[in-house]
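Take my numbering: the last position of the sequence shown gets the number 1162, and nothing is skipped along the way.
Cβ coordinates follow ideal geometry from the N, Cα and C atoms, glycine included.
Small disclaimer: the values here were computed from a predicted structure and weren't measured.
What follows is one structure encoded as structure tokens, with my remarks underneath.
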Amino acid sequence: MNEAYNDLTSAIESQDPMQEAVEVARSFAFDFFTLANKESNEDVGGIQFIPSVNIHHYQEYAKSYYYSNYGVIVNEYGKESLPKVIDVKLIQAEPAQYTYFDSPCEGYDVTLELTYEESKLREKIQMPGK
């Protein structure tokens, strides 16, 4: 995850908007989808990448869906089985148009592939195609 933040710093320094978007997406993916470094389901990752006006809704959504599994995983498989993203690979990035608060904005669609560390949980659920 530290490498992703270093890559984000380099992208910001390069002033390349597409590379910045890619590195923000990678950093977000590492932080949001890794539960292994979280203390509870209230400890939602990726907040620093969300516009402040949307943070509350983002946290509620995350806690209701992805982070709601935190307690079940810890209780049934142990804290060491919490998901940990170990690699985030860029699949595609392309310019896109968005509307944000009724205003048109330039942005990027970024598609990523995440790789998780092996764990008892992953062995138990056997990911399709793996």
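Assigned secondary structure, residue i (DSSP; H/G/I helix, E/B strand, else coil)
i, result
"G1139", "strand"
"E1045", "helix"
"K1162", "Its pLDDT being 48, under 50, K1162 is placed unreliably in this model, and the value from its coordinates should be taken loosely. Residue state, collapsed to three classes: coil."
"L1114", "coil"
"L1067", "coil"
"E1149", "coil"
Span of the beta strand (DSSP E), counted from its first residue to its last, around residue i
i, result
"A1128", "1117-1132"
Enclosing alpha helix (DSSP H) for residue i [first to last residue]
i, result
"G1103", "1102-1109"
"Y1099", "Unbroken run through Y1099: none, as it is neither H nor E."
Among the options, the one whose alpha carbon lies nearest that of residue i
i, options, result
"S1066", "C1137, D1141, I1105", "According to the sequence displayed, residue 1066 carries Thr and not Ser. Nearest of C1137, D1141, I1105 to T1066, Cα basis: I1105."
"P1115", "E1035, D1141, S1042, E1149", "E1149"
"N1101", "A1068, P1136, R1058, T1041", "A1068"
"R1058", "E1092, F1133, N1073, A1125", "A1125"
Classification of residue i by the beta-carbon crowding that lies within 10 angstroms, buried from 16 upward
i, result
"D1063", "buried"
"Y1132", "exposed"
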